[in-house]
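Student:
Number of protein chains: 4
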Amino acid sequence: MGYVLAADQYGKAETRLVRIYRDAAAHQIRDLNVSTCLRGEFADAYLHGDQASVLPTDSQKNTAYAFALEHGVTDIETYALALARHFADEVEPVRGARVDVDEYQWERVQVAGKAHPHAFVRAGQEVRTTSVTVEGRASEQRAWVLSGLADLVLLKSTGSEFAGFLHDRYTTLAETHDRVLATSLTARWRYVCTDGDWNARYASIRSVLIEQFAMVHSRALQQSLWEMGRAILAAHEDVAEIRLSAPNKHHYLVDLSPFGLANGGEVFHADDRPYGLIQCAVQRDDAPPAGPSWQAPGSFAG
Amino acid sequence: MGYVLAADQYGKAETRLVRIYRDAAAHQIRDLNVSTCLRGEFADAYLHGDQASVLPTDSQKNTAYAFALEHGVTDIETYALALARHFADEVEPVRGARVDVDEYQWERVQVAGKAHPHAFVRAGQEVRTTSVTVEGRASEQRAWVLSGLADLVLLKSTGSEFAGFLHDRYTTLAETHDRVLATSLTARWRYVCTDGDWNARYASIRSVLIEQFAMVHSRALQQSLWEMGRAILAAHEDVAEIRLSAPNKHHYLVDLSPFGLANGGEVFHADDRPYGLIQCAVQRDDAPPAGPSWQAPGSFAG
Amino acid sequence: MGYVLAADQYGKAETRLVRIYRDAAAHQIRDLNVSTCLRGEFADAYLHGDQASVLPTDSQKNTAYAFALEHGVTDIETYALALARHFADEVEPVRGARVDVDEYQWERVQVAGKAHPHAFVRAGQEVRTTSVTVEGRASEQRAWVLSGLADLVLLKSTGSEFAGFLHDRYTTLAETHDRVLATSLTARWRYVCTDGDWNARYASIRSVLIEQFAMVHSRALQQSLWEMGRAILAAHEDVAEIRLSAPNKHHYLVDLSPFGLANGGEVFHADDRPYGLIQCAVQRDDAPPAGPSWQAPGSFAG
Amino acid sequence: MGYVLAADQYGKAETRLVRIYRDAAAHQIRDLNVSTCLRGEFADAYLHGDQASVLPTDSQKNTAYAFALEHGVTDIETYALALARHFADEVEPVRGARVDVDEYQWERVQVAGKAHPHAFVRAGQEVRTTSVTVEGRASEQRAWVLSGLADLVLLKSTGSEFAGFLHDRYTTLAETHDRVLATSLTARWRYVCTDGDWNARYASIRSVLIEQFAMVHSRALQQSLWEMGRAILAAHEDVAEIRLSAPNKHHYLVDLSPFGLANGGEVFHADDRPYGLIQCAVQRDDAPPAGPSWQAPGSFAG
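Protein chains in written order, with the numbering used here: chain A, 3 to 304; chain B, 3 to 304; chain C, 3 to 304; chain D, 3 to 304.
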């Protein structure tokens, strides 16, 4: 009986990169966190400590910086595709490359009601994300683009119920027809295309997610997620699948009756832990195969 | 030789409280993190384990919730003042009370360009803060109101220099006349008043800070801070003092010359640590004494 | 063309639970973070907002607490198996259950060289983990046990090289034959068994991992990981596979030559980001199939 | 009416520095986070953007690294004193310097029961700290040394009560004569001396704190803190004062009676927020003045 190297990958994680466009009077900025990951013929490094096929993670970092200058960052998807294709095409032992990019949002500072040309303030909490996977080279090459957002914090102060659920011997929860519903949404969707206007798509998908969260009268967070996912597929033919992961950030009504006060849904305790975690994938009937696109380095060890 | 209890205080920290106003069709929400701290005749609890004078921190939490219903939260300053005065007035052994409130910002969700009545999305990263200190009771009572903001992340892509500085034998830094300037600002200002329109004041001060950061051509972060502070005192007669604490979040120009690329201020590495930390207090000539207002529980043990 | 609910799961995450054994004079404590996740016939909750098949996450939390009393927590694996089997066996719509448990380590306080019976201090930083998946019921039931550790921070001050690597046009890294090697290890291994002495296994595997990290003269972190994994399989017949994920926490030699000082591997800058990320899976030739065991809720949305 | 620069200081925060001693077969490591802060004649930088008196924070970082080589780090107090005195003595505009150092603990890896010469594992969670303040130069120079620890997580599974407390109209808490007491202790003590065996002192003080926490039958966390502080002053003539800040990390007994289970102090919910926060300073009758030693840069803006 023997042992095998069943899987392996390596890369440079979290290269923090800011790209400034300063050719016009009004600067533009792109604030990124870039992670690259290579898969291929690297077994000798593990089995024998032989690095002859190993492109240093330091070189990967350099490439991320150089590409930000040479190719620019009009959007994170195009940038990530260029970077992933470079590794797959140009680095001999590489069979596949994955590039994850997070983008932090900034907006222009307003001075006396006018947008300032080179001063910015961080906007919102959510992070725009992309994960591009490229396999093979030349005519054999295939690419998958996932894009998404993380940490989009949403709250409804009414229009949410939770009732009619299954009871077992450990069930003590009371039914409710009016509660606070809050989440910090992570969404990730798989495109069927590899070019086009990524910024417009992102803006549209983000809007639809938020609007659906607002508009759906929620009989459970599950239902809200399904309706959010379905609306994305309805509005975006270029999206094959969307996955939603949503902590149910519990807001408990505080019992103020010991103090002679009636709390009519006005004062809540926002609890930290535990939280419900509701997840679903909504997919087109005829979605093309996902290939390796959902294999994130961050979940390699489960 | 003996030992004395030289100082003591206790309270309930980080009560996470959401107050919803649902009397109008369009709900309003206030999302708070409330910390209360009592000072007074509590030595017996320390010296002898006698709790007869100790109001439980659990009761302080209950009070924070009850006051959010009874008194409401039109703004965090009025709410904190009511809470602090209650402890100072109503709890016999209390000689002074400090109430710290952080407020997280939300904005209404837009659906088809129209504000939704009960759906919200977290806005910005910065936290609005207040720290109210009340001492004594009845006609002897005094109150101090500090307000502020934290984690306001700002960046200028040009309009910042650092040159002409002192050199010693450990100095290797090159001078620069065009750099990225970025910070995550903490500001806290002391009011001379204890009532009025706190929300309008906050909005104005926040705007002035951001505008000054944008407009001042910065020869150093020090200069930016002074100008920001001075502008607040010039615009707000009700502010006696402002303190600013600003990490210099370094953005290093990446050397791309090994790859034949000229990086003209376009690609930067956003470094995590270490960071410069620049701090100053700007005060009116005739500012009234600060009393105990700057003694934060979080800094009790240095 | 239509849309399908391609996958879904839900549960209660991060129930923080402390179990105290107080039947003997010397107490014992188990400090856990428990997450439960159910898969099954829950489509109606998503598609129609119908909760009739949904056991509330609140009930799952209650069950976690109740089982800690009734079944105890001699080790996290036995506890997680009991909990997962309960959901699979007793909750009608459930087809599969996953239970993740993190355990924080404590050691007894020493007083005058003697172990105190009921005072404890948190020990180490690493977290012991398990992830149990159960599918089906009665004679059809199958179970998989992954166990692991996270945040085990290791450092070698010598005995590590990185040389002979691939160069491309973006490579500027110098070769080195003596560097600091540091990581914060995440390891997770799959058992072939579902009972036995889990605590002894964990202690042994942790020791072997640390010893191998120390003993292997490392020509690259890749090689260290492979040798660590191989040693586990060699020492533990009950382990089918182990996955290792190791950030290369870079320690850069500080150039002190401008100050006339020769830094012979004595002063380093411990950098935060970016970091290398090296990952591998080492598996037995004849390992049984992993089934759904590696599908962590935390990686659902990639 | 005018505005004044009422206070200012600046420095380099969080320089992450590892010092390795490799002259003996068994290496030793010191893993530090160093922050320097200068006070003095820096007004022109704020008021006029003139940096002529400003030693760059980059130079301060270089000095921290260079001193780690030249002066070594036998202990953080001696290192911090050397660094602070250097700034006060050698940098003309400096009137006072504060150096804060955090040290992370490591222990040697054991291989087959024997300590390995150059492999280490992070030990414990707590951080050893020092804060040195130096003012003036030559014969006028004065120095203060605070040392401490942070994040020392302690728990007693019995031997803790909370009863006989003050009731007001918001009090609902039940009395208890047997509860779990847990905290994450921050302690900081002021020495009366500026040399000696700092490592031995630290080890002793840490032990006494932990032992007292264990041994005192606690009628309230207040009492435990006082007894811990008093014991330090009794055991250490070189300590003038100690300040203790202790979150009461609540462990709530879970009500399992709905499931027919009697929970006799065996299953607890470890809650995150809110938490009690109990603080006190214990001081010698004849303690010398603390001077500026408690003015931490981290609390500058309250």
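Where is the CB? At the ideal position from N, CA and C, for every residue including glycine.
Indicate the three-state DSSP secondary structure (helix, strand or coil) for alanine 47 of chain B in the structure shown.
Tutor: Reduced to three states, the DSSP call for alanine 47 of chain B is helix.
Student: So with CB distances below 7 Å, who are the chain A contacts of aspartate 274 of chain D?
Tutor: Asp274, Arg275
Student: Can you tell which of A:Val101, A:Pro299, A:Asp102, A:His120 has the C-alpha that lies nearest to the C-alpha of arginine 110 of chain A?
Tutor: A:His120
Student: Would you kindly work out how many angstroms separate the C-alpha atoms of serine 295 of chain A and alanine 99 of chain A, rounded to a whole number?
Tutor: 10 Å
Student: Quick test of your reading: glutamine 281 of chain D and leucine 246 of chain D, contact by CB under 8 Å. State the CB separation rounded to the nearest angstrom.
Tutor: Cβ atoms of glutamine 281 of chain D and leucine 246 of chain D come within 8 Å of each other, at about 7 Å.
Student: Quick one: grab the DSSP three-state call for aspartate 33 of chain A.
Tutor: The three-state reading of DSSP puts aspartate 33 of chain A in strand, counting E and B together.
Student: In whole angstroms, what separates the C-alpha of proline 58 of chain B from that of valine 93 of chain B?
Tutor: Cα-Cα distance, rounded: 11 Å.
Student: What residue does the beta strand (DSSP E) around leucine 156 of chain A start on, and which one ends it?
Tutor: 144 to 158
Student: Below 8 Å CB to CB, which residues in the same chain sit around leucine 279 of chain A once its five sequence neighbours on both sides are set aside?
Tutor: Ser247, Ala248, Pro249, Asn250
Student: Identify the continuous beta strand (DSSP E) that holds glutamate 105 of chain A and give its terminal residues.
Tutor: 96 to 113
Student: Could one say the Cβ of phenylalanine 164 of chain A lies closer than 8 Å to chain C's Cβ atoms, at least one of them?
Tutor: Among the residues facing chain C, phenylalanine 164 of chain A is included, as its CB has a counterpart in that chain under 8 Å away.
Student: Can you find at least 3 beta carbon pairs, one from the stretch 189 to 199 of chain A and one from the stretch 70 to 89 of chain C, that sit closer than 8 Å?
Tutor: no
Student: Does the beta carbon of arginine 190 of chain A come closer than 8 Å to any beta carbon on chain C?
Tutor: yes
Student: Compare the C-alpha of leucine 83 of chain B against each of B:Val256, B:Ser149, B:Ser61, B:Glu43 and name the closest.
Tutor: Nearest option by C-alpha distance: B:Ser149.
Student: Closer than 8 Å, CB to CB, is tryptophan 108 of chain C near chain D or not?
Tutor: At least one chain D Cβ lies under 8 Å of tryptophan 108 of chain C.
Student: Is tyrosine 172 of chain B helix, strand or coil by DSSP?
Tutor: coil
Student: Taking the runs of the beta strand (DSSP E) that are 3 residues or longer, which of them lie wholly in the stretch 217 to 304 of chain D?
Tutor: If one requires a minimum length of 3 residues, the beta strand (DSSP E) runs lying completely within the stretch 217 to 304 of chain D are 241 to 250, 253 to 255, 269 to 272, 277 to 286, in chain order.
Student: Do you know how far the Cα of methionine 217 of chain C is from the Cα of glutamate 163 of chain C?
Tutor: Near 14 Å, if we compare the C-alpha coordinates of methionine 217 of chain C and glutamate 163 of chain C.
Student: From which residue to which residue does the beta strand (DSSP E) around aspartate 10 of chain B run?
Tutor: 5 to 23
Student: Output yes or no for whether 8 Å exceeds the beta carbon distance between glutamine 62 of chain D and lysine 116 of chain D.
Tutor: no
Student: Within the same chain, show all residues whose beta-carbon is closer than 6 Å to that of glutamate 128 of chain C, passing over the 5 residues directly before and after it, in chain order.
Tutor: Leu151, Asp153, Leu154
Student: Going by beta-carbon coordinates alone, are valine 147 of chain A and glutamate 79 of chain A separated by less than 8 Å?
Tutor: yes
Student: Counting contacts by CB-CB distance shorter than 8 Å, is serine 18 of chain A in contact with chain C?
Tutor: With the sequence shown as reference, residue 18 of chain A is identified as arginine, and serine is not the correct amino acid for it. Answer yes: the Cβ-Cβ gap between arginine 18 of chain A and chain C drops below 8 Å somewhere.
Student: Out of D:Asn201, D:Trp108, D:Ser133, point me to the one whose CA is closest to arginine 87 of chain D's CA.
Tutor: D:Ser133
Student: Quick one: grab the DSSP three-state call for alanine 121 of chain D.
Tutor: In the three-state DSSP reduction, alanine 121 of chain D falls in the strand class (E or B).
Student: Find the residues of chain B that neighbour histidine 29 of chain A, judging by a C-beta separation of less than 8 Å, and give them in chain order.
Tutor: Ser159, Thr160
Student: Would you identify the three-state DSSP class for phenylalanine 164 of chain A, choosing helix, strand or coil?
Tutor: strand
Student: What residue does the alpha helix (DSSP H) around leucine 57 of chain C start on, and which one ends it?
Tutor: Neither: leucine 57 of chain C is in no alpha helix (DSSP H) and is coded neither H nor E.
Student: Rounded to a whole number of angstroms, what is the C-alpha to C-alpha distance between alanine 272 of chain D and alanine 26 of chain C?
Tutor: 23 Å
Student: Please check the pair aspartate 240 of chain B and glycine 198 of chain B, which I expect to be a contact at CB under 8 Å, by giving their CB distance rounded to whole angstroms.
Tutor: 7 Å
Student: When you compare the CB positions of valine 56 of chain B and phenylalanine 167 of chain D, do they come within less than 8 Å of one another, or not?
Tutor: yes
Student: List, in order along the chain, the chain D residues whose C-beta lies closer than 7 Å to that of histidine 2 of chain C?
Tutor: Only positions 3 to 304 of chain C appear in this structure, which leaves residue 2 of chain C out of reach.
Student: Counting only beta-carbon separations shorter than 8 Å, does proline 249 of chain B have a partner in chain C?
Tutor: no
Student: May I ask you to list the residues that DSSP assigns as paired with threonine 80 of chain B?
Tutor: The partner list for threonine 80 of chain B (beta bridge, DSSP) is empty, contrary to what the question assumes.
Student: For the beta strand (DSSP E) containing arginine 192 of chain D, name the first residue and the last one.
Tutor: 183 to 193
Student: Tell me, to the nearest whole angstrom, how far the beta carbon of histidine 118 of chain D is from that of threonine 160 of chain C; I am working on the premise that it is less than 8 Å.
Tutor: No, histidine 118 of chain D and threonine 160 of chain C are not in contact; Cβ-Cβ is about 11 Å, not under 8 Å.
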